[in-house]
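**Student:** Handing you this structure, nothing more for now.
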Amino acid sequence: MKKETEAKVVTFTSEAEMPMMPASVASTLYNKTGSWRYMRPLYANQTPPCNAACPAGEDIVMYLQLTAQGRYAEAWQTIVRENPFPGVCGRVCPHPCESECNREHLGGAIAIHCQERFLADYAAAHELDLPAVDAPPREERVAVVGAGPAGLSCAYHLRRMGYQVTVFEAKEQPGGMMRLIPEYRLPRKVLEREIGAIVALGVEMKTGVRLGVDLSWEDLQDYAAVFLAVGQSISRELGVPGEDAAGVLHGIEFLAQVKRGQKVGLGQKVAVIGGGNTAMDAARTARRLGAEVTILYRRSRAEMPAIDEEVNETLDEGVKIEFLCAPVAVLTENGRVRGLRLTRMELGAPDASGRRRPVPVAGSEYELEFDTVIPALGQVADLSFLRAEVQTERGRIITDERTATACPPVFAGGDAVTAFGTVTAAVGSGKRAALAIDCFLRGIERPFPDLAHNVQAAPRRRDPTVVRFENLNTAYFEEEPRPQERQLPAAERVTSFAEVNQGYGEEVALNEARRCFSCGTCNECDNCLIFCPDVAVLRGDSDDEPFVFNYDYCKGCGICVSECPRHAIVFEEEVKFTKT
Amino acid sequence: MREPKTYARNYEIPEEELTYSGSVSCPGCGATLSMRYALKALGSNTIVVIPACCWSIIAGPFPYSSLTVPIFHTAFETAGAVSSGISAALDVLGKKDTTVLAWAGDGGTFDIGLQALSGAVERNEDFIYVCYDNEAYMNTGIQRSSATPWMAWTTTTPVRHPKEEPKKDIVAIMAAHRIPYAATATVAYPDDMIAKFRKAKSIRGAKFIHILSPCPPGWKSEASDSIKLTRLAVQSKVFPLYEIEHGEKVTINVWPKDGGVPVSEYLRLQGRFRHLSEDAIAAIQAEVDRNWERLLKKAEMSMP
Amino acid sequence: MKKVVTGNYAVSWGARLARAQVIAAYPITPQTSIIEKLASFCADGEMDARFIKVESEHSAMAACIGASAAGARAFTATSGQGLLLMHEVVHWAAGARLPIVMGVVNRAIAPGWSIWTEQGDTLSQRDTGWLQFYCETNQEVLDTTIQAFKIAESVFLPAMVVLDAFVLSHTSEPVDIPDQADVDAFLPPYRPQLKLDPADPRAFGALVLPSEYMEMRYKMQKAMERALVVAEEVDREWGEHFGRRWGLVEPYRLDDAEIALVTSGTVTGTSREVVDALREEGVKIGLLKVRLFRPFPHQIIRETLAGVRKVAVIDRNISFGDSGVFAQEVRAALYRADARPPVFDFVAGLGGRDIVPETIREIVDYTLAHDAPTEEFTWIGVKT
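Protein chains in written order, with the working numbering: chain C, 14 to 593; chain E, 63 to 366; chain R, 1208 to 1591.
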């Protein structure tokens, strides 16, 4: 009897057809045990928490999977399908993905940002180009105003969709706020490579063109759509006497000057006011210029908006932080800063941000001497150029969830709309706008992808349910520690602008990718196939369908569902048993 | 066909399938899965002997078979003897490379077939004897066997009068015959099981593999828990995975992670133990601990 | 080559000359010397066989079943209690259509313990689907053992070669031991139709549903019916090769007989002498030896006995609540005859009690004295 692959029912019509003893002539494939089933397993990738948390909608699990297989180029391409700035984001993103990572419970969150950076560095080292535009060319021209991460992301995605895109940037160089990130955090060549790659795709870049000055709204009539990504360029004022004195230098201006290579005389003692990333950048930059730096923050450590790691690095570099204090006046001498008058603060009731509001402690004022004061209290958008039809509220442009403003062909995004203040959020915002503009120009209505789950142009097949630690079968996972990123020693760091964080090498990246649970995402561990008693799990023919259930024989025991380590199989009631 | 990815595999299992779909085993049947692993390890040059047991049915009714290798169905108590005969015939016919696999349940091994098994292994007959142990006469509808654990419910040991005797230590009985190879295995550890079948195949003489085989209808457990349950059986040391060579050399193959889990985690997923009092669970824990200590001592004594 | 051997050794020689490949056996008085001799043959390399020294008769038959299913020629021997222990797998061997040959030394059944001859052990296996040959002499034992393989392997049913405890098993007679080459020419190697073969994997003996089970039984019966023809043919061939024939039954001085004794086993030899003596005295008497009991040669028996006036069956067995077993069968065979002679049944020699010429004379006297039986059967020699 040869091995059978198809069901064969044997019927004897006479004894002469039968063997003399009960000897088999066919296989049990004749018996379609799938009819027993009242529950049906389905391969349905769920959403991993990292993906859900990524403001740029990166498919993190998928690029970790590819990395785990040593397929670094494909892994990098997987990122850049969503985000053209992996080199930037791998270095500066506050990585909310890691905060949600289920690995946290067994050795520490996956160092996703290091993985992203590793891939970007790999792509740079191997001079990988962005995938060429393969969409059919489209007639429509789109104008993007502002070459920050939101604008560039929008331009990039529209270009990939085949549109003719022109980016207008007021500054001499594209990059927006990314330009101000200090060299020791984001080397210039990383940013330039990634911006250059976008331009190389055929995005027209016009720098030194300010809307409302060098470019009129009428000029934009030639474009089928406009995306406003003007960011927030005006620094918030301290709002205390003496602010105009020489030696008061706003954080972003200070950072810009240093980046431009301008000599900045700081004196010996520098105060940086604020608790965000710009404050950290300013403090650490000042430290590298030889100053003695104190950060003054009105709340406590827990409320600091800066990334925790950044704060630690800042402290390591010898910057002092005074919490719960706020300036009440800049003390001057001959029109020049000589110090600050400060008041002690205490934390009161929570404010709109959920953080406890700092309130001054009466009679607690004191003075400290400084040569330079760097306020880093954040920025507001300069919306003076806007036409009235584009509505604003409290310094931000109003858009709907699809980034459309009240003035139809005009869309807006980035910090001018959301003020999230991170590159990654801006990238997501720009991409969302690209999708919205595409829909608008094609005149199609489709359910708008949820940024949290899915923003790429060709939507992934994923159930939006986010996989949590308790959904995993942890029998298959060992506790394994998170690797340490290489870092220059603090003493060495303050002597130059050399990059502080140095990522890690291939071996660590490979292991780290393999440490990923691959939550909700099949990575072909084979458990379902191995544990099926009924040989009802077959290998599939494509990466999208690595396994298929043979429902002719699946009895619906559910072992595959329980033993899937990563919750990538769901168990559903058979339709025939569902009441209608 | 596309090359499957391999980096995330938990186990390396031979690809070839030697069992067919369409068998009438209950959903979540451990015995069916065990056969699948066994044949993957042994390959197609294998003859399977099946005495009366669940597998008499799972193998398919005439004129069908759920295996791609020959099967000889035989009387309840005869697996050891029939396999001896087949092995002798293969020897005399010059087919020494064919593996004979006796595949019996706990009733056919611990109880009615023990004599023929003892005879066969004492003679050191060249075959692999597997007891897939689902801890009761499941095919006839869950009656107590001497493999049924202490205090378990069966239809002949009802809750008002559960089984009062401990489970027979069949591996110790086999080891007492000084056979070349005796081992335990279970479906939650397919790589371990496959390694044991391969090792057994490489040894001439009598080989015995005791497989703990989950039975959802008989254990009153969820079909989907079959793997989890046997994993817990190993992790709780209720069913340690070890092997004994020549009746003396004891090796523990799978060590419980982080010192293991309490037996209650294993017991609570099974309806057959639902009636157990806290005292009974504590007594089971004590017994399991004692057995584990004894096993550890044997393993230590086997160290070179 | 003539040798003086016991009945048991004749069995051993038969198995050796038939080139049995797997022997699985368990010792039991009075079969023991059969397997001792075989063990010695195997140990000395005079047989190329694997001897499995099993731990019970049940396993002996089970091992033979396995060996035969795998394509080897399998042999075992047992007796009395051993055969009864085997019973389940005796059925199995037949249902699996495995041509195993088994030497059975007839032994009475306990309790109380008895090691002496009686046919109850083999007759209790009557309905298992095995061929049964009852032998009279050691030469017949040897010849039948070899013939049994050929017949069994033609019809794919197992066969028992039966001999009386001690009277044959432990009694030496001159026996012609054929040359191996001559036996090889008579009996080719076993060629199974289907066997356990990984190159042609099949499941044997699975669950059979009511829709097919009867056909399986039908085929067994058809094989039994064919065995009657085959046994006759094989015996004829044997005669051609070795100059001796045994027949399915053997009529002795029956041509003009008015009274026919029906016998089996060693009673036949004693009966021949009594028949000769009575013929001297002018009694028209003959005898019919039944050699093949399963399949039962109804037609030959019917035709052979149809002309006699009275039939006297000697049964060394009893079916409790009925009568001797051979008498039941003979009566049944004659039922379809046009002229049905009365059948007297005599149960004698149970538990190894000697059946001597006087015993047979008593039987004949009783038969001559009665026109027809006055009871279902008559006890012979019971102390009352």
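Glycine included, C-beta positions come from ideal geometry on N, C-alpha and C.
Alpha helix (DSSP H) containing residue 544(C): first to last residue?
**Tutor:** For the purposes of this step, residue 544(C) is taken as residue 531 along the first sequence, with counting starting at 1. Run containing residue 544(C): 540-544, per the alpha helix (DSSP H) assignment.
**Student:** Are the beta-carbon atoms of residue 1213(R) and residue 1471(R) separated by less than 8 Å?
**Tutor:** Residue numbering aside, residue 1213(R) sits at position 6 when the third sequence is read from its first letter. Residue numbering aside, residue 1471(R) sits at position 264 when the third sequence is read from its first letter. Not a contact, by the Cβ cut-off of 8 Å.
**Student:** Residues in its own chain within less than 7 Å of residue 19(C) by CB, not counting five upstream and five downstream?
**Tutor:** For this step, residue 19(C) is matched to residue 6 along the first sequence. Here the set comprises 42.
**Student:** Between which two residues does the beta strand (DSSP E) containing residue 165(E) stretch?
**Tutor:** Here residue 165(E) refers to the residue found at position 103 of the second sequence. Residues 161-167.
**Student:** Rounded to whole angstroms, what is the Cα-Cα separation between residue 368(C) and residue 293(C)?
**Tutor:** Taking the first residue of the first sequence as 1, we reach residue 368(C) at position 355. Taking the first residue of the first sequence as 1, we reach residue 293(C) at position 280. Their Cα atoms are separated by approximately 20 Å.
**Student:** Exposed or buried, which one is residue 89(E) when buried takes at least 16 other CB atoms within 10 Å?
**Tutor:** What you label residue 89(E) is simply residue 27 of the second sequence in a count that begins at 1. Label assigned to residue 89(E): buried.
**Student:** On the criterion of 16 or more Cβ atoms from any shown chain inside 10 Å, does residue 221(E) qualify as buried, or is it exposed?
**Tutor:** For this step, residue 221(E) is matched to residue 159 along the second sequence. Under this definition residue 221(E) is an exposed residue.
**Student:** I'd like to know whether the C-beta of residue 1286(R) is nearer than 8 Å to at least one C-beta of chain E.
**Tutor:** Residue 1286(R) sits at position 79 when you count from the first residue of the third sequence. Not one chain E Cβ lies under 8 Å of residue 1286(R).
**Student:** Residue 301(E) and residue 1413(R) - do their beta-carbons sit closer together than 8 Å?
**Tutor:** On the third sequence, position 206 is the one that residue 1413(R) refers to. On the second sequence, position 239 is the one that residue 301(E) refers to. Not closer than 8 Å, so no.
**Student:** Just confirm the distance between the C-beta atoms of residue 242(C) and residue 145(C), as a whole number of angstroms; I'd bet it's less than 8 Å.
**Tutor:** Here residue 242(C) corresponds to residue number 229 of the first sequence, with the count starting at 1. Here residue 145(C) corresponds to residue number 132 of the first sequence, with the count starting at 1. Residue 242(C) to residue 145(C), Cβ: 25 Å. No contact.
**Student:** Would you mind listing the alpha helix (DSSP H) stretches within the segment 313-379 of chain C that are 4+ residues and don't spill past its ends, in chain order?
**Tutor:** Runs found: 321-329.
**Student:** So, helix, strand or coil for residue 245(E), using DSSP?
**Tutor:** Within the second sequence, the letter at position 183 stands for residue 245(E). Strand at residue 245(E).
**Student:** With residue 1298(R) as the anchor, note down where its alpha helix (DSSP H) starts and where it stops.
**Tutor:** Locating residue 1298(R) in the third sequence gives position 91, counting from the first residue. First-last of the alpha helix (DSSP H) with residue 1298(R): 1287-1302.
**Student:** Identify each residue in the segment 28-40 of chain C for which the Cβ-Cβ distance to at least one residue of chain R is less than 8 Å, and report them in chain order.
**Tutor:** So the list reads 28, 31, 32, 33, 34, 35, 36, 37, 38, given in the order they occur along the chain.
**Student:** Quick one: using the 10 Å Cβ neighbour count with 16 as the cut-off for buried, is residue 576(C) buried or exposed?
**Tutor:** Within the first sequence, numbered from 1, the residue matching residue 576(C) stands at position 563. When all chains shown are included, residue 576(C) counts as buried.
**Student:** Considering only C-alpha positions, which residue in the set 320(C), 73(C), 40(C) is nearest to residue 133(E)?
**Tutor:** As a first step, residue 133(E) is located in the second sequence; it is residue number 71 there, counting from the start. Comparing Cα-Cα distances from residue 133(E) to each of 320(C), 73(C), 40(C), the minimum goes to 40(C).
**Student:** On the DSSP letters alone, give me the boundaries of the beta strand (DSSP E) that residue 1492(R) sits inside.
**Tutor:** Translated into the one-based positions of the third sequence, residue 1492(R) becomes position 285. Per DSSP, residue 1492(R) belongs to the beta strand (DSSP E) from 1492-1497.
**Student:** Taking the Cβ atom as the reference point for each residue, do residue 66(C) and residue 113(C) lie within a distance shorter than 8 Å?
**Tutor:** Mapped onto the first sequence, residue 66(C) falls at position 53. Mapped onto the first sequence, residue 113(C) falls at position 100. Yes, the pair counts as a contact, with Cβ atoms nearer than the cut-off.
**Student:** Can you tell me where the alpha helix (DSSP H) holding residue 1357(R) begins and where it ends?
**Tutor:** Indexing the third sequence from 1 puts residue 1357(R) at position 150. Element bounds for residue 1357(R): 1345-1362.
**Student:** Hey, could you find the ends of the alpha helix (DSSP H) residue 153(E) is sitting in?
**Tutor:** If you number the second sequence from 1, residue 153(E) lands on position 91. Run containing residue 153(E): 141-154, per the alpha helix (DSSP H) assignment.
**Student:** Under 8 Å Cβ-Cβ, which residues of chain E neighbour residue 1553(R)?
**Tutor:** Working through the third sequence from its first residue, we reach residue 1553(R) at position 346. Simply none; closest approach about 38 Å.
**Student:** Can you give the Cα-Cα distance for residue 23(C) and residue 81(E), rounded to whole angstroms?
**Tutor:** As a working note, residue 23(C) is residue 10 in the first sequence. As a working note, residue 81(E) is residue 19 in the second sequence. Roughly 19 Å between the two C-alpha positions.
**Student:** Does the segment 1539-1547 of chain R come into contact with the segment 1567-1580 of chain R, if we say contact requires no fewer than three beta-carbon pairs (one atom in each stretch) closer than 8 Å?
**Tutor:** No: fewer than three Cβ pairs fall under 8 Å.
**Student:** Three-state secondary structure (DSSP) at residue 514(C)?
**Tutor:** Stepping through the first sequence from its first residue, residue 514(C) is reached at position 501. Three-state DSSP puts residue 514(C) in a strand.
**Student:** Flag residue 254(E) as yes if its beta-carbon sits less than 8 Å from any beta-carbon of chain C, otherwise no.
**Tutor:** As a first step, residue 254(E) must be located in the second sequence, where it is residue number 192. So no, residue 254(E) is outside the interface.
**Student:** Check residue 392(C) in the structure and name its three-state DSSP category.
**Tutor:** Within the first sequence, residue 392(C) is the residue found at index 379, counting from 1. Residue 392(C) falls in the strand class under three-state DSSP.
**Student:** Which of the residues in the segment 1415-1426 of chain R, read from start to end, lie with their CB under 9 Å from any CB of chain C?
**Tutor:** Correct list: 1415, 1418, 1419, 1420, 1421, 1422, 1423, 1425, 1426.
**Student:** For the alpha helix (DSSP H) holding residue 204(E), just list the boundary residues, first then last.
**Tutor:** Here residue 204(E) refers to the residue found at position 142 of the second sequence. Counting along the chain, residue 204(E) falls outside any alpha helix (DSSP H), and DSSP gives it neither H nor E.
**Student:** How many whole angstroms separate the CB atoms of residue 1557(R) and residue 1550(R), which I take to be in contact at a CB cut-off of 8 Å?
**Tutor:** One-based indexing of the third sequence puts residue 1557(R) at position 350. One-based indexing of the third sequence puts residue 1550(R) at position 343. At roughly 20 Å, the Cβ-Cβ gap does not stay under 8 Å, so residue 1557(R) and residue 1550(R) are not in contact.
**Student:** How would you list, in chain order, the residues of chain R whose beta-carbon sits under 8 Å from the beta-carbon of residue 174(C)?
**Tutor:** Here the question's residue 174(C) lines up with position 161 in the first sequence. Those within 8 Å of residue 174(C) in chain R number zero; the least Cβ separation is about 58 Å.
**Student:** Buried or exposed for residue 339(E), please, with buried defined as at least 16 other CB atoms from any protein chain shown within 10 angstroms of its CB.
**Tutor:** The residue you call residue 339(E) lines up with position 277 of the second sequence. By the neighbour-count rule (16 or more Cβ atoms within 10 Å), residue 339(E) is not buried but exposed.
**Student:** Under 7 Å between beta-carbons, which chain R residues line up against residue 25(C)? List them in chain order, please.
**Tutor:** Position 12 of the first sequence, counted from the start, is the residue given in the question as residue 25(C). Those are 1419, listed as they occur along chain R.
**Student:** In this structure, what does DSSP give as the bridge partners for residue 1310(R)?
**Tutor:** On the third sequence, position 103 is the one that residue 1310(R) refers to. In the DSSP output, where bridge partners are listed per residue, residue 1310(R) has 1284(R), 1368(R).
**Student:** Between residue 1590(R) and residue 1560(R), what straight-line distance do the alpha-carbon atoms span, to the nearest angstrom?
**Tutor:** On the third sequence, residue 1590(R) is found 383 positions in, with the first residue counted as 1. On the third sequence, residue 1560(R) is found 353 positions in, with the first residue counted as 1. Looking at the two C-alpha atoms, the distance is approximately 12 Å.
**Student:** Residues of chain C with CB under 8 Å from residue 1162(R), in chain order?
**Tutor:** Since the first residue of chain R shown is 1208 and the last is 1591, residue 1162(R) is not available in this structure.
**Student:** Please classify residue 199(E): does DSSP put it in a helix, a strand, or coil?
**Tutor:** Within the second sequence, numbered from 1, the residue matching residue 199(E) stands at position 137. Looking at residue 199(E) - three-state DSSP - the assignment turns out to be strand.
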